[in-house]
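Enquirer: Residue numbers (our numbering): 1346 to 1710.
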């Protein structure tokens, strides 16, 4: 019977598995979070997806008359070199991204409902004027304003300062009032020849106690208030800098970090911002109408890294996306930026006191 049996061919050896790249998206679903390396690998796709989707000029009125920022805009169109205090000086989102606060060099403090502003960008007519009745707050003043910050522990409190004033103005948007709910002062500096008043360039809250507030001044010092004690600072921190401190931040250990610039430098400061989940730095251009999206990821694949290899050109992302910094042209010159803390929408304040919304383009249904 054995002669009728067909001999079986020996089975071939198991083929070696083809090496495949690990599927990063599957890891996201398993881990429930995005690793920094993955965020950086797709950051090129994110920056390329941004475009201007809306423009909102500051055309507001007070008692039927144009507000100071509106008046400056009109004068600028007539006399381009005749108006000095131009545009937005600072923007800031609250922690939840519900409200957007902004201040202008002409002295206007404005609070927008971000959702209403975003929905306005869907309007079929791009020239459709913004509905002033939907503004949460609009407080004009003839005093220059240079900084605005939200209280991270109280979504109803917004503070602003001016480099021409020694006061910190605290506004509560829960009350319909044009007057600040609290005014903090640093007082005057006395010398044998004169009395010097300091201006305030930036403000920050401590992260563990919202009653303590810090503000940097034009003399290179940092003043600290305990709002429960007094309207005057209880502590003054000195720094090696004798010129204006441009910005301050309080870290998780309540250590204060600051930046300063040479007082002889005439270049204006452009308030930048960071994307919430990426190491992308957003800053307005000083010479062109637009913003720069700069990749500061701490790795040699980042185009701003000192060891970045231009020959390799960072071909490490999905579909071999090239890592590069991007300049995004806009309709107006930018003086300040803020990024929504949740969805990454960029809002830019311009020299003509317009708000430009920058996000992914709306796709028609």
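Using N, Cα and C, we set each Cβ at its ideal position, and we do this for glycine too. Fair warning: this is a prediction, and the values are worked out from it, not measured in the lab.
Would you list, in sequence order, the uninterrupted alpha helix (DSSP H) runs of no fewer than 4 residues that lie entirely inside the region 1438–1497?
Expert: Entirely contained in the region 1438–1497, the alpha helix (DSSP H) runs reaching 4 residues are, in chain order, 1459–1465.
Enquirer: Return helix, strand or coil for residue 1668, following the three-state DSSP convention.
Expert: Here residue 1668 sits in coil by DSSP.
Enquirer: Can you check which of these residues, 1492, 1460 and 1479, is closest to residue 1454 by C-alpha distance?
Expert: Ranking 1492, 1460 and 1479 by Cα distance to residue 1454 puts 1492 first.
Enquirer: For residue 1506, list the residues DSSP reports as bridge partners.
Expert: The partner list for residue 1506 (beta bridge, DSSP) reads 1492.
Enquirer: For residue 1416, name the three-state secondary structure that DSSP assigns.
Expert: Correct three-state label for residue 1416: helix.
Enquirer: Quick one, are the C-beta atoms of residue 1391 and residue 1692 less than 8 Å apart?
Expert: No. Outside cutoff.
Enquirer: List the DSSP bridge partners of residue 1691.
Expert: 1684 and 1703, per the DSSP bridge assignment.
Enquirer: Going straight from the alpha carbon of residue 1321 to that of residue 1362, what length do you get?
Expert: Since the first residue of the chain shown is 1346 and the last is 1710, residue 1321 is not available in this structure.
Enquirer: Which of helix, strand or coil does DSSP assign to residue 1392?
Expert: Helix.
Enquirer: Assuming residue 1395 and residue 1703 make a contact with CB atoms under 8 Å, what is their CB distance in whole Å?
Expert: Confirmed, about 5 Å.
Enquirer: Give every residue of the same chain whose Cβ lies closer than 6 Å to the Cβ of residue 1404, excluding the five residues on either side of it in the sequence, and list them in chain order.
Expert: Cβ within range, chain order: 1415.
Enquirer: Just how far apart, CA to CA, sit residue 1639 and residue 1625?
Expert: Near 5 Å, if we compare the C-alpha coordinates of residue 1625 and residue 1639.
Enquirer: Give every residue of the same chain whose Cβ lies closer than 6 Å to the Cβ of residue 1516, excluding the five residues on either side of it in the sequence, and list them in chain order.
Expert: So the list reads 1503 and 1525, once near-sequence residues are dropped.
Enquirer: Give the secondary structure of residue 1618 by DSSP, where H, G and I count as helix, E and B as strand, and everything else as coil.
Expert: Residue 1618: strand per DSSP, three-state reduction.
Enquirer: Roughly how many whole angstroms lie between the Cα atoms of residue 1554 and residue 1582?
Expert: Whole-angstrom Cα-Cα distance: 18 Å.
Enquirer: When the Cβ atoms of the region 1436–1452 are set against those of the region 1673–1683, are three or more pairs found closer than 8 Å?
Expert: With a cut-off of 8 Å, the region 1673–1683 and the region 1436–1452 count as touching, because enough Cβ pairs lie within range.
Enquirer: Once DSSP output is grouped into helix, strand and coil, what is the label at residue 1626?
Expert: The answer is strand: DSSP assigns residue 1626 an E or B state.
Enquirer: Alpha carbon to alpha carbon, how far is residue 1557 from residue 1635? Give it in angstroms, no decimals.
Expert: If you take the alpha carbons of residue 1635 and residue 1557, they lie about 37 Å apart.
Enquirer: Would residue 1458 pass as a contact of residue 1481 if the rule is Cβ separation under 8 Å?
Expert: Contact flag set, yes.
Enquirer: If distances are taken between C-alpha atoms only, which option among 1578, 1651 and 1694 comes closest to residue 1628?
Expert: Minimum Cα distance to residue 1628 is reached at 1694.
Enquirer: Helix, strand or coil for residue 1663? Go by DSSP, reduced to three states.
Expert: Only weak support is given to the placement of residue 1663: the predicted model assigns it a pLDDT of 48, under 50, and the question is left unresolved by the model.
Enquirer: With C-beta atoms as the reference, is residue 1521 less than 8 Å away from residue 1559?
Expert: Not in contact: residue 1521 and residue 1559 (Cβ atoms no closer than 8 Å).
Enquirer: Residue 1324: buried (16+ other C-beta within 10 angstroms of its C-beta) or exposed?
Expert: No answer is possible for residue 1324: the residues shown for the chain start at 1346 and end at 1710.
Enquirer: When you compare each of 1382, 1616 and 1622 to residue 1630 by their alpha carbons, which one comes out closest?
Expert: Per the Cα distances, 1616.
Enquirer: Taking C-beta to C-beta, are residue 1590 and residue 1547 nearer than 8 Å?
Expert: Contact: yes.
Enquirer: Pull up the distance between the alpha-carbon of residue 1677 and that of residue 1618, whole angstroms please.
Expert: About 18 Å.
Enquirer: With C-beta atoms as the reference, is residue 1509 less than 8 Å away from residue 1527?
Expert: Contact: no.
Enquirer: Residues in the same chain with beta-carbon distance under 8 Å from residue 1645, minus the five sequence neighbours each way, listed in chain order, please.
Expert: Closer than 8 Å at the Cβ level, and outside the excluded window around residue 1645, lie 1652, 1653 and 1654.
Enquirer: Kindly say whether residue 1681, judged by its beta-carbon, lies nearer than 8 Å to any beta-carbon of chain C.
Expert: In the displayed structure, chain C is absent; only one protein chain is listed.
Enquirer: Is it buried or exposed for residue 1364, if we count other Cβ within 10 angstroms and need 16 for buried?
Expert: Flag for residue 1364 reads exposed.
Enquirer: For residue 1568, count the other beta carbons within 10 Å of its own beta carbon; 16 or more makes it buried, fewer makes it exposed. Which is it?
Expert: So residue 1568 ends up on the buried side.
Enquirer: Using DSSP bridges, identify the partner residues of residue 1514.
Expert: According to DSSP, which records beta bridges pairwise, residue 1514 is partnered with 1505 and 1528.
Enquirer: Let me confirm a value: residue 1543 is counted as buried when at least 16 other C-beta atoms fall within 10 Å, else exposed. Which label applies?
Expert: Flag for residue 1543 reads buried.
Enquirer: Could you tell me how far apart the beta carbons of residue 1497 and residue 1408 are, in whole angstroms, since I believe they sit closer than 8 Å?
Expert: At roughly 35 Å, the Cβ-Cβ gap does not stay under 8 Å, so residue 1497 and residue 1408 are not in contact.
Enquirer: Taking the alpha helix (DSSP H) that residue 1386 belongs to, which residues open and close that run?
Expert: Here the alpha helix (DSSP H) through residue 1386 covers 1381–1386.
Enquirer: I think residue 1699 touches residue 1402, with their Cβ atoms under 8 Å apart; what is that distance to the nearest whole Å?
Expert: Right, the Cβ-Cβ distance comes to about 5 Å (below 8 Å), so this counts as a contact.
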